[in-house]
Structures are given as C-alpha cells and as structure tokens.
Amino acid sequence: MIQYYNMIRLALFVVYCLGSIGSRAQVLNADFIIPSQVCLNERIYPDNLSTDGTRFEWDFCPGELDKLPQSSEFLTTNGTPFGVEMVSQNGRYYGFYTTRGNQKLTRLDFGTDVNSVPLSFDLGNLGTQNFASSAMLSIVIVREGENFIGFIIDYFNRIYRIDFGTSITNTPTNVEIVYSEGHLNSPIDIAYVNDAGANVLLVTNSGNDKLVRLNFGASFHAEASQISVDVIALGYGVQGGISMIKSDYWCAVVSTISGNLIRVLFDQGIDSTPAIIPISDVTPQPYLGVAVAFDNNRYYVFAVTSTRMFRYDLGGALTNTTVSTTDFGGFNLFTNVWGFAMHKVKSDWLVLVSENSTNKIYKVSFPQVCFGDIFFSNEAEPLVIATHPGEYTISLSAIDNDGNTETLVKPISVSTNSSPDISLSSTNVCVNAPVNFYPISNSTEILNYQWFFGDGETSSTATPNHIYQSADHFNVKLSVASSNGCANTIKKNLKIYEQPVAAFIAPQALYCTNNLTEILNTTQDTFEGNLTYSWFVNDVLESDTRDLTHTFTSTGDQNIKLVVAIPGCSSEHTQLISDVMEGPQVSFTLTASCQNDDVLFVNTTQGEVSQYLWTFGDGSSTSDENPIHIYNNYGVYNATLTASNEVGCNNTFTKAIQIYSKPTANFSLALPPFSCSGAASQFTDLTPTPTDSNITSWNWTFGDNQNNTSSNKNPTHVYATAGDYSVSLNVATNFGCSSEITKTVTIAQTPNIDFTNTALCLNQPATFTPTATTEIKAWLWGMQNLTYTAQSPVHTFTTSGNQTVTMAATGNNNCVKLVTKNLSVPVPVTINFSANSTCAGKPAEFTETSLTGLDPAVSWSWDFAGQASATTSSATHIFPATGNFNVRLNSTRQSGCTYSSTRSIAISQAPVAQFTVSNESGGAPLAVGFVNTSSGATSWLWNFNDADQTTSTEFSPSFTYTQLGTYTAELIARNNLGCTDNFIKTIFVVNPEINVAVTNLLLVANNDGTVATVTFENRSNVVVVNPEIVLDLSGKAKIKERVFGTFLPGQQSSKSISTRIVSDNLSYICAEISVMGDVNSFDNRACNNLTGELEIVPPHPNPADHELTLEWIRGQQNDVAVRLINAQGQLVLDKRYTNLLPGLNQLILKVDALLPGLYVATVSDGDKTLSYKVLIHR
C-alpha cells in the first residue's frame, strides 16, 4: 500500500513539475534573446526578457558537471576532518571544516578566488567546553539577512548554534545547544531550507533511520522552546548524507545503509509529509556524502563511498527513473573519505571531500568550457564577446525576493570567422541640433552599417547625423556586417540636453577704473559638466569662469557679454555698463608679522586721492597715509585701504595679514641627580606651543666656559664643577617670532668615586669594591640583569663575554656618580696538556696545549702524582715504575682566573735498545752488519756518525765505513709513546795491530783444586773476538779454554778457568792468551812461581835459526846470569840481567852470527842454575 501511494505521489509530482512551468511563468520567468550563431570577437548583448526577477545570474560556461573532473590534495588539516562548508560575503569566499578528536572548527579564507591557497584560522572550540568532550560532525552555515548563523551536529545527539554576527570572519562568542537527544540518534549530516518564510533544519540519523525536521519559524535565531520538531521515517536505513535542491519544490537526496539513494519530495511544502522514492536505476554502494545539483538544464546526484565518487545524471527532471551512471573512482587519493560538499561559485563548481585516515581535504574540480571573455555576470544585460569557436550554451537564472529561481538555457554557435572590429563616437549633445555619428574600425571589409538612434529612428549611412527632438537618454546601437558574413554591434548610451539660456546680473553702482567688479552668472546648469562659459568685455575674451571678476582699465561705456554653450548649441546675454569713472589704483605693502611688533604699512596708491581710510581688521582704523600699527593678538586680519577721489570713486585694496603669536619662553632644570657636576644636567623647555605656529629653534647659553651653547629643545649639559650659573633660553617660531628668558641655576657636587674588582671568572664569585664610601647614602649595582644595594657586592657571572657593570653611588645631596665599565668575563679555558714519552725510567714530557684565545696563561703548577712538581709551561718527570699516575695542571690566565685539569697518565715499559755487529773493527772499507736485538720499540734510528752523518731507519741495516777512524754507532729505539732508549758500539776502522796481554794470573786453592783466573787486556787497535787461554802446568800439561766474547780495544776482562788444577808437584803455572796475529808474544803470558825458586821455561824455538827465546820465572833473586856454550865448550854469551820482573821474564837472543850446531843455554840466579840444550840450525 505504501509503495502504491508513493507511485501515485510520483505521478502527481511529474504532472506538477510539467504544469508548474506555465503556472509559475505568470510570477517568475527567466527569458532572454541572443543570436543563435555568432562569429569570433563578436559583441553579444543579450536581451533580458525575464519577469519578476530582482537579481540575475548569467553563466556563460554551463555544462561543467557533465565533464570528467580532476581531484587534488587541497590541504592538510589540524585533526580528523569531517564536515565541510563554503560561504561568501562581499565578494570573498570562506570555507569551514570540523575536526574530530581535537574538537575544533577551522575557517579558510580564499580571498576573491576560490582556486587560491586559503589562509587557515583555528577557531578552537569557540570558547565553550561543550565541544571539548564532543565529536563534531557536519556543519551548515545559513545567511539570514545580514547575519551568519552556523549549526553543528555532534556524535552525542546535539545541535549547536553558532552566531557569527554580521561578518563571517568574526570569531563566534555565542555558542549554544539548541536541540539535544530527543529524536536525534547518531546524527550524521545536516541541511537547511528557507521556504516561504519557514526556516527549517533537516538532520539525518543513522541510529533510527529517521530524518529529523526542526522548524525555527521566521528566524533561525528562534529560542529553543519555539522550535517545532518532528520526524520523517525513511524506511531504507539512513547512512547519513543529505543534500537539498529546489525546482518547483524542495527535494532532498539521502544516502542509505542498503546502498541506495532516495529522493525525499516535499511537493506540498517543506512542512508537508514528503514522498520517499528511491533512485532505482543505481547500483547499490555504501554511499556516505551526497550532493544534488542543477547544471545546463540537467539534474545530477553526486555520491561518495569511502574510496570512490559517482555521478548520476537524472536528465531534465528530478523524478526521472532512467539514470546515467559514471564511476570516477578515487582519483588515486581517496582511502577513507566522509565529508562531501558541493558549491557553485559564480560559474565554477567546487567539491570538497574530507579524508579521515590522512587528515586531508581534497578538492574536486570540473573543467570549464567557455565561449566568451567573461564567465559569469550579475548584470541584467551584460556584454560578452565571443572568443572561442564551437557549440556552447548560455544559462540565465532569474531570482526573486523569496529566493525562488527560474533558469533558462539557450544554445549559441561561434564560427571560426572573425567579426569586424567596431566602435563609435559622436559629437554634439543638444536637442534640435544635428548630432554627428562616426564608426571607428580598422576593418576594410565592412559592407553595410545599420544605426539605431534609440528614438525609433535608424540610418544605414556610414557617418550619419541625427536630430533629437527631445532631451533624454538614448541607447545608440551600431551594427555592421562584413564580406565574410560576420556582423558586430556596439552600443553607447547618449544623453541629449535642452539648449542652455545665458543670464547674469551686473550690480547697480558707480563703476570706477582700477577697482575690482564682480558680476554673478545666473545661468541654470543641468548639463553634467558639458556647459562652458565665455565672458567678453568690449568683445575681448576676458574669462572662462562661471562668474566674472574684472577691473576696468578705461573710462566710459563698457559692453559685457556672456556666451554659454554645450556641444552643438550655445546662448548669449549682453549688458551695457555706462560711464565708468577714473579711480585711483590702490595698493600697499607692509613689514613684520609678529604679535606686539610694529607693522609698517607703506601706501603705494597711484592717482588722485582726496582721502585715505585704513581698517586693520582688529576694530581699529586710521586716516594716516602710511600708518604703523601694533596687533596685540595673533590671528589673520584683513587690512583694507580705501582711497577716495573728488568724483566719488572709493577704490579699495584688501590684503590678508597673518599675525603670529610670540612664544613665552620658559624652562626648568631637573633636581639632582639630574643637575650635578660631571653628569648630564637635564634642561626642559617649558615654552607653551603657540596655536598658530611651531617653535623651530632653541638657543641656550649655559653660563660656563666650555661648550656653553645648544640648539636642542631639551638639552643636557655637563658642568665640570658645582656652583651657580646664569642660563638663558631664546625660542623662535617658524615665522620668526621669538622671546628670551634668563634664570640662575644651581649645580650640586657629584661624588668622586670609582670601583675595583677581583678577577672575573665564570661561575666564580667576584667582589666589587668602591674607592670611597663617605658622603654616600645609597648604592646600586647592576650586572647581568641583577641589582645589588650592598656597598661591596659579590656576584657570580654565569655567562662569559663582555659584561657591563654599573655602579650608581647616590650622595647625600642626591647626586649620583654613575660608573659603567665594560668588563670581560673570559670564556673558561679548557685545560689540556699533552703527555709524551710516558715510560718508566724515562723523562716524560708534559706540555700545556690549551687554546690561548684572548686569555693566555701566565703561570703553571704541575703535580706529578705527589712525586714531584714544576712551574713551567712544559715540564718533565721520570716515573720510576709503570702504572697509572694522576697528573694535575693548574693554569693561571692573564685574567687572573685559574683552571685545572687532572689526567690519569699510563706509564708504560720503556723500549730497550740493543744490537750486535758483524765487525767491530777492521781496515777500511769496513762493511758492518748491524743486527737489531732491541725490545719494546716500534721505530728505530741508526746514527753511524761517519763524516756524512749517515742515518737509517731500517730494522737491521748494513753500513760500510770507508775511512780510518773510531766511530760511535748508535741505535735509538722508540715506542709508540715517544719513549726512547739508545745503545752504542764503537767501530774501529784501522790498520789492524793485534796485541792482547795477560795482566794478571790469580791462583786460588780450593778443596776441589786450584782455580786459575786470568785477567787480560786488549791492547790492540781492533776488536778481539773469542781469544783462547792456555795454562802451562810446569811444562807437564796444558789446559786450553776459549773466552767467548767481543773485546774492545783497551778493554780488560777476567776469565776463571773451569778446569781445576789438582797436581801438587808443579813448579809454575803460566797463562797465555792466544790471538792470531799478536804482535807482542811476550805480554800475552803471565806466570806464577809455585816453589819460590828460579824456574825456566824450555827455550824456543828449538832448533832455532835466527832468534832464540829464553824465558824464566824469577825466584827470590832479582837478577840472573845467562850463558850460551857451544859444543866446543866455548862461552859464546855471558850476560847478567838485573831488576827482573816478578813472574815471567823473557830474553830474545839473536843467533844469526852463531855457527850451526849444538849449544847449552844456562840460566842462574845464584841460588839455582838450570840448563837446556839448543840446536842452531840453518
């Protein structure tokens, strides 16, 4: 039954729609005439034939909504956007959006262009706590008269009313809940209607599938108690979005949970029970926001899901059941949209879409296709020029006072051919006089002209003239056609005036030469600036002003004529002035212009004069010829001189005199502390400002001998000493009027004081001390935005840099000595020092490395872990052992500040330099191989100390000494801490001479035998390596043992023979050191006598050829006898030797002269004689 009822309603609705055009045409109708075909650049003047329309909207670009739209990111909001709205005021456009979560309302200011980037203004929660706990949803803004009213619904079933007042840019202060709970159940969207004086809100509710209707009556400002509320059950499951449109009645389109779009038709008025009819030819979708629009004679419904936008074309009637669908998708932007608003701004359609997940608002725009130079107009009959060829339409909407709208759309075709350019001009604007018309064009192809003069008359002449029979406004139109078939039109509003009538009045009086005469023009001027004047005196043009001011220069009759004209016609009036008499030529000059000064008036009148009369404008007068007058008051006075002659002429000359007031000079001197010696004393000009002039100069004299003048208005002056001074002030105005005053002033004594301070160090207390304290009653110190009143304050500076310290010491006489010093608080120095060669047993080197900057160091104090101290910038200390040791440096800077740094220094093991050589001695060239046996080092430096000071950094280098000499080869071993150690060997480059001598033989008896210790000395000039020691045991046995080692020249060494001597029947023991090439075989042996008797070593060599060596070990005696006896018993040698050496003695006998044979050699000390046979053999 309900479905049948709705079908009946739909049928009636269609009939109503079809019939309403005729019925409404008698009330409001949109109609116009335009040419259906035009050419490029052709002017089009639509003829508006609409009835009952009070305002009009011309859209020269209709049909946008049928085009493919584009979407772009519009702005990022300050919360989660939901509702969006657009309004305009005074040609400016504004947007509003609500945000959930932070519950704010934001206004967007687009200026005059909705496509511009708007300015955002956060309106917050509008000064109410109601929004603080709510979730704002949709918003609608209503214009009622000059006021703007907003309505916002929230998640908690409330409707807020927001009053913007008369400006949409106002921040609303009156926010109130006009409806809550009741029929609202999860409201989603809101719309408003003004229908025949009824102001209605419609709210969709997803919680109860109802449309809540709130009727505010005559005003949306109605009290809550006056609002009529009812509900409309929809029956389709409301999803939320609602959009309203009015054709012949109001229609709402609502989105539903079932995915349908339904039409709610209020065909009996907005208060009626509506018909609810779905748009059946729509694919169900989870629609959210919806918008219904009318464009180019077609109705469209736009709807969005969370990710897509759809267009449904209903054609020419809202009730159509056949719908054309377009799915625009999500433009690669939509992910979770909700709010959706569509607005037409002039000829533009603008769609705003709010996005919940990204907090963005997107703009959807439709391309415009326009044929002319303007897109939109509110004029009744605008001018539009065709600029683009093609097929187009023009839309006119007529709107009445109730907001009812009728729209008419007509087609227009623009050719690719160009219209001729055309303009027009005209001359003359006078009724019943020819008006000349001229076409203006650069086109050479105009074939004909058609003039319409606006009074029903026409002409096809190119340059016609036309006479208007009446004065009025006339719309002149010129239409031209060119050879290409194109035409063009130009219109001009022309006003035609009645002919002017000249008239003037000459005064009835005695006219005299040299006197100003004024004649008043009484011509009526209604010609809006077209009327001109020409005054003639005796046919000579005198003036073009409206009134004539003239001085006659000749006597007799004078002819005065006035000619008045407008373009195309004129009128004149003439009057004779009889018998002009000769009058004097009056003039004067004057001097001075100040109050109470003499003003000298100098009479310069020419001609015969019988009497003078001066009036000075202040009520006084005189008949003196050249008077002097004093004006007691300032002001503007009209001084007039009247000169009379015998014929009755009373000629006058008036001059305005500006008398300026004299200033009344006055000044003051401030009390101490602003009038003290050594400080700036403040003088203040107290001269009242004249009302007619300005004081422009001040001249002060201060009465002392130094810099005692000033031209400042309120100067300061520093008096070096206290005392009384005579001070004068002279002031003058911009017109030269002046006055002077002199006063005696007293300058008080300023305290003579300064201050000192201790060192200024960051974050360390500094004491400030004045240099004097007597006769001081107050102290005020200022530093770092802090003040102190103590005599000697203590202040800690918390920032470094230049610091201004001010001391103000107030004496008992209130004089203040201000001492300001710019003191420097140095940037704290970060104390750093380097530690090099930090090895045990080596001098560790410590050097301050702090950046000096502007505060260099002046003294130092080092503490080496309590072991030692130093006071130099660089110091050394030897740490005896490895480990970590605290080293502290106190650095005192030039500023007096002391800074410290303590570091734990790791003392490491020092390197040990050591090396061996392949040769320590030898002849030149001597190649020496150096074998590095150092430990703990990371780098090495070899100094060979040759003539070229050759060095090497190889680990084990080789070097050849090429010259004889003794060389000190040095190895310096260094570790990564910079610690060094050196080792030295002496290299002998000589012609080798081997001589190793036994210097001592020590025999020590032990239980296990006798230990022989041999001491020997290398008396060679080369190194001796591994010599061999041979012990001779009384010729009975020999013990050999090698001494391993390298022995330098001059070096003594001892060797204890490892073999023990156990024989008891030994008479001597000799020790011989054996080195190849020994040049002195005698000193390489030493012997110990074990018996105390003479012992002889067997002679050698035996046999002998050239020399025979006899050796004995001295007994108790100090001399011996040596004999040599041949085989014949002959004594061939007999010698005694005294002063024998202890131990071994040697005698080398030359036997070259002896004959070969057998000999007996005897050695006797008197106590014992020993003999040996020897053989001389050659």
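Residue numbers for the sequence shown follow this note's numbering, beginning at 1 and rising by one.
Backbone N, C-alpha and C define an ideal beta-carbon position, used for all residues, glycine too.
For the beta strand (DSSP E) that contains residue i, what are its first and last residues?
i	result
Leu-686	Taken as a continuous stretch (DSSP letters only), Leu-686 belongs to no beta strand (DSSP E), as it is neither H nor E.
Gly-150	147–154
Phe-959	958–961
Cys-569	569–580
Arg-1042	1037–1042
Ala-910	Here Ala-910 belongs to no beta strand (DSSP E), and DSSP marks it neither H nor E.
Gln-239	238–246
Ala-487	487–496
Tyr-179	174–180
Leu-926	926–932
Asn-632	Asn-632 -> no beta strand (DSSP E), and no H or E assigned at all.
Is DSSP giving residue i helix, strand or coil here?
i	result
Ser-225	helix
Glu-775	coil
Glu-64	helix
Ser-23	Caution is warranted here: a pLDDT of 37 is assigned to Ser-23, below 50, making its placement in the model unreliable, and the coordinate value is therefore given only provisionally. Of the three classes helix, strand and coil, the one that applies to Ser-23 here is helix, per DSSP.
Lys-210	strand
Leu-669	strand
Met-807	strand
Asp-1179	Nothing can be reported for residue 1179, as the shown portion of the chain is limited to 1 through 1178.
Ala-132	Confidence is the limiting factor: at Ala-132 the pLDDT is only 48, short of 50, which leaves the residue's position unreliable, though a coordinate-based value still follows. If DSSP states are grouped into helix, strand and coil, Ala-132 belongs with the helices.
Cys-649	coil
Leu-676	The amino acid at residue 676 is misidentified as Leu; the sequence shows Cys. Cys-676: strand per DSSP, three-state reduction.
Leu-12	Model confidence at Leu-12 stands at a pLDDT of 33, short of 50, so the residue's coordinates are unreliable and nothing is read from them.
Ile-1176	strand
His-388	coil
Our contact map puts residue i next to residue j with C-beta atoms below 8 angstroms; I'd like the distance itself, whole angstroms only.
i	j	result
Leu-600	Thr-642	With 8 angstroms as the limit, Leu-600 and Thr-642 do not qualify as a contact, their Cβ atoms being about 19 angstroms apart.
Ser-1180	Val-292	For residue 1180 there is no data in the structure shown, the boundaries of the chain being 1 and 1178.
Met-136	Phe-82	7 angstroms
Ile-776	Cys-676	The Cβ separation is near 13 angstroms, so there is no contact.
Ala-865	Val-887	7 angstroms
Arg-43	Asn-488	6 angstroms
Glu-57	Ser-397	4 angstroms
Tyr-899	Val-825	Rounded, the Cβ-Cβ distance is 13 angstroms, inconsistent with contact.
Leu-1149	Leu-1170	About 16 angstroms; that fails the 8 angstroms criterion.
Thr-605	Thr-589	Actually they are not in contact, since the Cβ atoms of Thr-605 and Thr-589 sit about 11 angstroms apart, beyond 8 angstroms.
Alpha carbon to alpha carbon, how far is residue j from residue i? Give it in angstroms, no decimals.
i	j	result
Ile-1176	His-1100	11 angstroms
Ala-341	Tyr-93	15 angstroms
Tyr-16	Ala-30	Since pLDDT at Tyr-16 reaches only 36, below the 50 mark, its modelled position is unreliable, and no value is offered.
Ala-462	Gln-450	8 angstroms
Val-1023	Arg-974	29 angstroms
Gln-706	Thr-721	11 angstroms
Asn-115	Val-805	59 angstroms
Cys-569	Cys-430	6 angstroms
Asn-41	Ile-422	10 angstroms
Leu-214	Ile-232	11 angstroms
Asn-812	Thr-733	41 angstroms
Thr-882	Ala-844	12 angstroms
Tyr-155	Trp-349	30 angstroms
Phe-376	Gly-454	28 angstroms
Gly-269	Cys-251	10 angstroms
Give a yes or no on whether the minimum CB-CB distance between residue i and chain D is below 8 angstroms.
i	result
Asp-271	Although the question refers to chain D, the structure presented lacks it and comprises just one protein chain.
Should residue i be counted as a contact of the ligand SAH given a C-beta to heavy atom distance under 7 angstroms?
i	result
Asn-1118	Looking for the ligand SAH in the displayed structure turns up nothing, as the structure carries no ligands at all.
Return yes when the Cβ of residue j is within less than 8 angstroms of the Cβ of residue i, no when it is not.
i	j	result
Gln-611	Ser-623	yes
Thr-549	Glu-518	yes
Leu-971	Phe-915	yes
Glu-1028	Lys-1036	no
Tyr-299	Glu-73	no
Ile-695	Pro-672	no
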